[in-house]
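Chains A and B, in that order, are what the protein sequence lines are. Start counting the first sequence at 219; every next residue gets the next number (the working numbering). Start counting the second sequence at 2; every next residue gets the next number (the working numbering). Let me begin by presenting the structure, written as structure tokens, before commenting on it.
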Amino acid sequence: MNFIRHLAKKESCRASVLAFVFLLLLAWPASAHRIEKRFPVDGRPVVIVRNSHGRIDVKSWKRMEVLVVGTHGSEKTEVETEQAGNRIEARTRLNGQNLSPAEMEANFEITVPEESELQVHNDSGVIIVERVYGDMTFDTIAADVRLQEVYGFLMVKMTGGSLFCTKCAGRLEASSISGNIQLLQPQLDFARVQSTSGNILFDGELRRGTYSLKNLSGIIEVRFSPDDSFDLKASTVLGSIDNQAQLKSDPHGSSSGRQIPRASTASNSFIGTFKEGHARVELSTYSGKIQIRPRAQ
Amino acid sequence: MQCTEFESVLEQRSGESFPRAAAAHLDACERCRNLLADFQAIQVSAAALDTDLPEPPERIWLSVRSQLLAEGLIHAPVAEPEGFFAQLISWVPRPALAGAYLGLLLLAAILVGVRGDLSFLGAGTPALDVAEMAALRETLRTAEKETAVVVPVLHPDVTSTLRKDLALVDNAIAMCERKVREEPQNTLAREYLLGAYQQKADLLATIADHGARGD
């Protein structure tokens, strides 16, 4: 019995060693194409990233230094970096044509001072930014953008990518053609959001600021709580409006607080005020659905 | 007939002579005569733009290209293109690429002229009429024709997204144009149509930009 146990232990140990070697071999090609650069800065840096395909992670720290770690899986891809004063650029260069998707991939892990400006372009993959304060622009084709606890003037332009914005503050302008846009617990003063066919979700306080959410088709959903205070205008050409907020007539205008079929424009509009109307909310869809619903407690 | 009625007749006319009531109004109204003259002048200028624009000499393109290279705005290709699309790109002369940009610039100019403010929301009622709609459609068609051939080899996710979204925007344009034709007074539908035109221009610019950058 002891012999069998001993043998099993020995076999298990051998398997572990083999697995470790196998993992090392797997990791080897990635580490073969890795760059790590540090750039000291003396003010708010402007970090510019230009990538074709992959994942870009941007986080912040307390140091006045930008750390760029780039990895790529092919010799046909190069990661270049450059510093000019407080401007730091990292970009991917594809060498040659007819590269496979794997050869195009490059990933970045970038750590920046908390107060930094970002300009990020990524054709496909994903961009993730956490706890960075400063103006930011994101430009993607198929890449998603995930922002968490960021503050500043945020401009997000996507073709097919989606935006997930959690606890974003400041001003936001976001557009996508087929992607979805989610604003969760936003603390924005201004948001202008549009998607052609994607869904738009706003789930947060509506006590200040101006919000314009617009799509052609798809669902626009706004969740409100009893403590919120907003003026609402919802319009559609061919779609539907499902409003569950008790609106009163708009004290800031002359419209009545109920659905008004507007024969003159052949569109349907819904105008009214919830509580004092501190925030301003404009929702518009061509043929989609607008849903204004109380937030589940 | 009133001036506003004449304007709608003018918008819907496609080359044929005016109906009797409109012709009578035109004889009597100097303002509408001026309007017609303006329209005709625009048509003539547009036609001249399309046909009489001289092809710039090759040295101009070489000069522009070297300047852009010097400024780091474009990069010299690292390797000879091998793929089908890449060969197409190399075959396409630079003026064609510039033509795509020109088309988009024209579209932007028209949109600015039409609307003043390109913001998707919050703008006033856009004064887009049938003639302007047709002009925008034509500009986009030309730009698309010149842009399609410069699509380079990209990541498959990117290529499929661009194709899918271009079809989506085309569909949106068709849907909005139909609605605007059915209900010319529907301001929201017009606003959506303008937004869709602008999106298509943006999308073509994105495609052209990738072609120009060669990345």
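Ideal Cβ positions, reconstructed from N, Cα and C, are used throughout, including at glycine. These numbers were taken from a predicted model, which means no experiment stands behind them.
Span separating the alpha-carbon of residue i from that of residue j
i                            : j                         : result
leucine 285 of chain A       : asparagine 417 of chain A : 36 Å
arginine 513 of chain A      : arginine 410 of chain A   : 22 Å
histidine 496 of chain A     : leucine 450 of chain A    : 10 Å
asparagine 340 of chain A    : serine 270 of chain A     : 5 Å
glycine 379 of chain A       : glutamate 8 of chain B    : 43 Å
phenylalanine 257 of chain A : glutamate 321 of chain A  : 27 Å
glutamate 6 of chain B       : glutamate 31 of chain B   : 15 Å
isoleucine 438 of chain A    : glutamine 200 of chain B  : 19 Å
arginine 364 of chain A      : arginine 142 of chain B   : 35 Å
glutamine 509 of chain A     : serine 447 of chain A     : 17 Å
glutamate 254 of chain A     : leucine 434 of chain A    : 44 Å
valine 310 of chain A        : glutamine 464 of chain A  : The sequence given here places threonine at residue 310 of chain A; valine does not occur at that position. Approximately 53 Å between the Cα atoms of the pair.
valine 164 of chain A        : glutamate 184 of chain B  : This structure gives no information on residue 164 of chain A, because the portion of chain A shown stretches from 219 to 515.
asparagine 35 of chain B     : glutamine 403 of chain A  : 56 Å
leucine 424 of chain A       : alanine 25 of chain B     : 58 Å
leucine 204 of chain B       : arginine 281 of chain A   : 39 Å
alanine 22 of chain B        : glutamine 186 of chain B  : 23 Å
alanine 168 of chain B       : leucine 27 of chain B     : 43 Å
lysine 146 of chain B        : leucine 163 of chain B    : 15 Å
serine 430 of chain A        : methionine 2 of chain B   : 42 Å
glycine 388 of chain A       : alanine 202 of chain B    : 29 Å
threonine 140 of chain B     : threonine 188 of chain B  : 22 Å
Residues near residue i in its chain [Cβ-Cβ closer than 6 Å; skip 5 each side]
i                         : result
glutamine 400 of chain A  : Phe382 and Leu419
lysine 375 of chain A     : Asp357 and Ser393
lysine 180 of chain B     : Ala190
glycine 428 of chain A    : Note on identity: in this sequence residue 428 of chain A is threonine, with glycine being the wrong assignment. Excluding residues within five positions, the ones whose Cβ falls inside 6 Å are Phe408 and Arg498.
asparagine 398 of chain A : Ser380, Gly416 and Asn417
leucine 390 of chain A    : Leu372, Leu406 and Ala409
threonine 52 of chain B   : Confidence in threonine 52 of chain B is poor, its pLDDT being 49 and thus under 50, which makes the residue's placement too unreliable to answer from.
arginine 268 of chain A   : Arg309 and His339
isoleucine 395 of chain A : Thr377 and Thr414
glycine 314 of chain A    : Lys294
tryptophan 279 of chain A : Thr329
cysteine 386 of chain A   : Leu365, Val368 and Pro404
glutamate 332 of chain A  : Ser278 and Tyr351
isoleucine 174 of chain B : Ala197
aspartate 362 of chain A  : Val344, Gly379 and Ser380
glutamate 494 of chain A  : Ser447
Residue i and residue j closer than 8 Å at C-beta
i                         : j                         : result
serine 487 of chain A     : lysine 432 of chain A     : no
asparagine 357 of chain A : glutamate 335 of chain A  : The question names asparagine, but residue 357 of chain A is aspartate in the sequence shown. Result no, Cβ atoms of aspartate 357 of chain A and glutamate 335 of chain A do not sit closer than 8 Å.
valine 347 of chain A     : proline 263 of chain A    : no
alanine 324 of chain A    : threonine 295 of chain A  : yes
glycine 343 of chain A    : glycine 272 of chain A    : yes
lysine 507 of chain A     : serine 453 of chain A     : no
aspartate 207 of chain B  : threonine 377 of chain A  : Looking at the sequence shown, residue 207 of chain B is not aspartate but threonine. Taking 8 Å as the Cβ cut-off, threonine 207 of chain B and threonine 377 of chain A qualify as a contacting pair.
asparagine 316 of chain A : glycine 261 of chain A    : no
valine 159 of chain B     : isoleucine 359 of chain A : yes
glutamine 366 of chain A  : threonine 355 of chain A  : no
arginine 441 of chain A   : aspartate 421 of chain A  : yes
valine 350 of chain A     : isoleucine 306 of chain A : no
glutamine 41 of chain B   : valine 131 of chain B     : no
proline 319 of chain A    : histidine 156 of chain B  : yes
glutamine 462 of chain A  : arginine 426 of chain A   : no
Cβ-based neighbour list, residue i, same chain, cut-off 8 Å, excluding 5 preceding and 5 following
i                       : result
tyrosine 302 of chain A : Looking at the sequence provided, one finds alanine at residue 302 of chain A rather than tyrosine. Closer than 8 Å at the Cβ level, and outside the excluded window around alanine 302 of chain A, lies no residue.
glutamate 1 of chain B  : Within the shown structure, residues of chain B are numbered from 2 to 216, placing residue 1 of chain B beyond reach of any answer.
alanine 481 of chain A  : Because alanine 481 of chain A carries a pLDDT of 35, less than 50, the predicted location of this residue cannot be relied on, and no value is offered for it.
alanine 248 of chain A  : Per-residue confidence for alanine 248 of chain A stands at a pLDDT of 46, beneath the threshold of 50, marking its modelled position as unreliable; the derived number appears in the next sentence. Around alanine 248 of chain A: Thr289 and Gly291.
proline 20 of chain B   : Val10
Residues near residue i in its chain [Cβ-Cβ closer than 7 Å; skip 5 each side]
i                            : result
cysteine 4 of chain B        : Cys30, Arg32 and Cys33
glutamate 327 of chain A     : Asp275 and Val287
phenylalanine 121 of chain B : Caution is warranted here: a pLDDT of 39 is assigned to phenylalanine 121 of chain B, below 50, making its placement in the model unreliable, and the coordinate value is therefore given only provisionally. Excluding positions up to five away in sequence, the list reads Gly196.
Which residues of the stretch 313-341 of chain A have a Cβ closer than 9 Å to any Cβ of chain B? Give them in chain order.
Asn313, Gly314, Gln315, Asn316, Leu317, Pro319, Met322, Glu323 and Asp341
In chain order, which continuous runs of the beta strand (DSSP E) of length 3 or greater are located wholly inside the stretch 335-366 of chain A?
335-348, 354-358 and 362-366
Against chain A: residues of the stretch 180-212 of chain B by CB proximity under 9 Å:
Lys180, Glu183, Glu184, Gln186, Asn187, Thr188, Leu189, Ala190, Glu192, Tyr193, Gly196, Ala197, Gln200, Asp203, Leu204, Thr207 and His211
Residues of the stretch 157-173 of chain B in Cβ contact with chain A at a cutoff of 7 Å, in chain order, please.
Pro157, Asp158, Val159, Thr162, Leu163, Lys165, Asp166, Leu169, Val170 and Ala173
Residues in the stretch 247-272 of chain A having any Cβ partner in chain B nearer than 8 Å
Ser270 and His271
Any residues in the stretch 386-399 of chain A with a beta carbon nearer than 8 Å to a beta carbon of chain B? Which ones, in chain order?
Ser393, Ile395 and Ser396
Ignoring anything shorter than 3 residues or poking outside the stretch 265-306 of chain A, list the beta strand (DSSP E) runs there in chain order.
283-290 and 295-302
Quick check on the DSSP output: what are the complete alpha helix (DSSP H) runs of length 4 or more inside the stretch 134-187 of chain B, in order along the chain?
157-183
Minimum length 3: unbroken beta strand (DSSP E) runs contained in the stretch 402-476 of chain A:
405-413, 418-421, 428-433, 437-442, 448-454 and 458-461
Determine which residues of the stretch 410-425 of chain A have a Cβ less than 7 Å from any Cβ of chain B, and write them out in chain order.
Arg410, Gln412, Thr414 and Ser415
Which residues, in chain order, does the stretch 453-470 of chain A contribute to contact with chain B at a C-beta distance below 7 Å?
Ser453 and Val455
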